[in-house]
Amino acid sequence: MSRDEIFTRLNEVFQDVFGDDDITVTDETTAADVEGWDSLRHITLLAAVEDEFDIEFSMGQTVKMKNVGEMVDYIEEEA
Amino acid sequence: MDCFNYPLDSKMLLRKKIRIKKELLDSNMSFIEKRIAVLGGSTTNEIVDQLELFLLNYGIKPTFYQSEYAQYWQDAMFGNEELDSFKPDIVYVHTNWRNITEFPTTSSTKEEADVMLKNTYNHFAMMWDKLSERFQCPIIQDNFDRPAWRLLGNSDVSDYRGRTNFISRLNQKLYQYADEHKAFFVNDVDFLAASYGLDAWSNPLYWHMYKYSLCLDAIPSLAKSVADIIKSIYGKNKKVLVCDLDNTLWGGIVGDDGVEGIQVGPEVPMGQVYSEFQQYVKDLKTIGVLLAVNSKNDEEHAVAGLNHPDGPLKPDDFVSIKANWENKDRNMQTIAAELNLGIDSFVFIDDNPTEREIIKQAGFGVAVPTMDKVENYLKTVDRNGFFEVTSLSLDDLSRVEMYKANAKRVQFQENARSYEDFLKSLNMKATIREFEPIYMQRIAQLTNKSNQFNLTTLRCSESDIKNMQASDDYICLYGKLEDKFGDNGVVSVVAGQIENIELHMRLWLMSCRVLKRGMEDAMLDTLVQVAKFHKLETIIGYYYPTPKNNMVKEFYKKMGFELISEDENGNTAWKLDLGTYEPKNPAIETNR
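Chains A and B supply the protein sequences, listed in that same order.
For the first sequence, the numbering used here begins at 1 and goes up steadily by one.
For the second sequence, the numbering used here begins at 1001 and goes up steadily by one.
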């Protein structure tokens, strides 16, 4: 799967989870950039991403990811 | 929305919860509002979010109080201002086995383990007592799921030193408490975990990362279970199961294959699975569910199929059989009219997706579960929680008989010369008295189940009813009605609040199964008598319109009240002067 393709699908996940059709994320996006992205919503987000790409984040990964770019790196490796 | 039906679409419920919530709130459903305190021994945020969706879907708009992380016990025992002023209608305690602070070890004696069990149980029981004393509202408590590992291996479950054993004994004590306390309900998490799969359910990542006692994906099933209990408490259970016949209650098509050709009974696997399903459907009657048939068939074929010697269900098990070539949505409306029940209290099962779609599209609010494989039928009906049992009153059990007696009355009426003659010939006997303890449960149930003949639609828990009865400021009457065809049980409830010389009616409702029998006249006659005894001079009645109670819009007028006010929402107030009241003396012999 190409990085572009991952971003397209990832944007849909973000739009669903945050209930906002205007969200687009980039490599640099962090929780601070998206309204409502708190620790609780983060859990829902990770589960939805896992489901969308049929992957599983380990505890190690969950703690490590610093921005959307790193999330996409991981999806690229696994999916 | 299909995502709420079993099997749940939990991925969608989690991912799209914001959109789903908006959609429900924007729909034209009417909601009752309830305040729900969620006291957690672990994180509860997603549980509350999901519970909100399921409740909205049931027509209940919740507001929540959530205890701070794992503060369930402190909140319950010592209270706090926020919770006290929140005044919950329901308290839900979400705890898990990790909240148990002490477990036996391999060096514990049997006596030590018993003491630990007693202490642990008391820790919880004290809390439940405190909660019901403080809030006088129903309490829902999770039972304990089992840990996903077993130090003692298989012996963990049987040896008193095993955790699994300890937890299962604790659960037994919890059930005993539930048995002894009516407004206390167990949410069977132990079953939910088993059914979901214990390993996936208790994925340790969710505990260690987020302090959720179960995995995120299982939360919708937990929330559904709690929502099922709540909607049942508030009388929002379904009441009628309407069944298609061919390939739904038996295999094959009775019109084509003949009675000998349909599959039901012990001979072949296909017949066995239909038999088991039929037996389950028949058993639903024992919890008060009414059964009906809605099938495209000639009636004689349908009845012949139901008389199959190996089929547990018989024609007599159904309160209404519509086997004809009419469209099924039409039949459904006819059944609702005959039974005098809201069509939105119906569940429709049919193997044919087109027929299901017709009923869904009709927008009646009928629940239409997806019946896709015969081996899944039973589970599909069962897990949807349509008929969740939170109280089994004797009334529920005899309901089927009552509806049948009603059908007989209708026939009898057709033969009577005039309606007055008919009423007289029924030999009706009413008992109208102040609320009595044995009927509290039924009275509360009626306030939650009656939608049509209900002037104020005030929903009451059993504790609310008890409080009203205990108060000197209230006059509370129930009415029971018997006739030559049977006992209808408690069918009417009125309650008024005394203010100086006036009685303000907070509750006035009647079960539709005794419409047009003069019961409302008998209730008013008695109410006036009691009010005069209290030296009151006026009764003030209120009508608050809802989408369902239009039939009583003019009720007070018919009863001789005078309109005193009306606001822009159609709420009206009515006045009756007791000095000039003429008793209505309906054809009912009244015991007071």
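No residue lacks a Cβ here, since even glycine has one placed at the ideal position from N, Cα and C.
The structure displayed is predicted, hence computed values, not measured ones.
In the DSSP secondary-structure assignment, B/T1431 is bridged to B/K1480 and B/N1591. A straight line joining the alpha-carbon of A/T44 with that of A/V17 spans about 7 Å.
Residue B/F1277 holds the alpha-carbon nearest to the alpha-carbon of B/E1375 among B/H1094, B/F1277, B/V1491 and B/I1349. Interface criterion met: the Cβ of A/I43 is under 8 Å from a Cβ in chain B.
For A/V17, the chain B residues whose C-beta falls within less than 7 Å of its own C-beta are R1015, listed in chain order. Using a CB distance below 9 Å, no part of the stretch 1291-1316 of chain B faces chain A.
The Cβ neighbour count for B/N1549, taken over all protein chains shown within 10 Å, is at least 16; the residue is labelled buried. Note: B/V1293 is bridge-paired with B/C1243 and B/I1321 in the DSSP secondary-structure output. In the structure shown, B/T1572 falls within a strand segment according to DSSP collapsed to helix, strand and coil. In terms of beta-carbon proximity, A/D22 stays away from the interface with chain B, with every pair separated by 8 Å or more. Closest by C-alpha distance to B/Q1452, out of B/L1515, B/H1208 and B/A1573, is B/L1515. Residues of the same chain with a CB within less than 8 Å of the CB of B/Q1441, apart from the 5 flanking positions on each side, are K1182, S1391, S1393 and E1462 in chain order. Between the stretch 1145-1161 of chain B and the stretch 1476-1493 of chain B there are fewer than three inter-stretch CB-CB distances shorter than 8 Å, so the stretches are not counted as touching. Around the Cβ of B/K1016, a 10 Å sphere holds 16 or more other Cβ atoms; the residue is buried. In its chain, beyond the 5 residues on either side, L1198, D1199 and S1202 have a beta carbon closer than 7 Å to the beta carbon of B/A1148. Spatial neighbours of B/F1318 in its own chain (CB-CB distance under 7 Å, excluding positions within 5 residues in sequence) are listed in chain order as L1291, A1292 and V1293. In this structure, the CA atom of B/E1300 is about 21 Å from the CA atom of B/S1275. Scanning its chain for C-beta atoms nearer than 8 Å, with the 5 sequence neighbours on each side dropped, one finds around B/Y1175 the residues N1143 and V1186, in chain order. Taking a cut-off of 8 Å for Cβ pairs, the stretch 1525-1536 of chain B and the stretch 1501-1515 of chain B touch, as three or more such pairs fall below it. By the rule that beta-carbons nearer than 8 Å mark a contact, B/D1217 touches chain A.
A direct Cα-Cα distance of roughly 12 Å separates B/T1101 from B/I1167.
According to the DSSP secondary-structure assignment, B/N1080 is paired through a beta bridge with no residue. Below the 7 Å Cβ cutoff, chain B contributes no neighbours of A/T8, its closest Cβ being approximately 16 Å away.
The beta carbon of A/D51 falls within 8 Å of a beta carbon belonging to chain B, placing the residue at that interface.
Within chain A, the residues D51 have their CB atoms less than 7 Å from the CB of B/K1011, given in chain order. CA-to-CA, the gap between B/L1013 and B/D1472 works out to about 48 Å.
Bounds of any beta strand (DSSP E) do not take in B/H1534, whose DSSP letter is neither H nor E. Using beta-carbon distances, B/M1001 does not count as an interface residue toward chain A, since no partner is under 8 Å.
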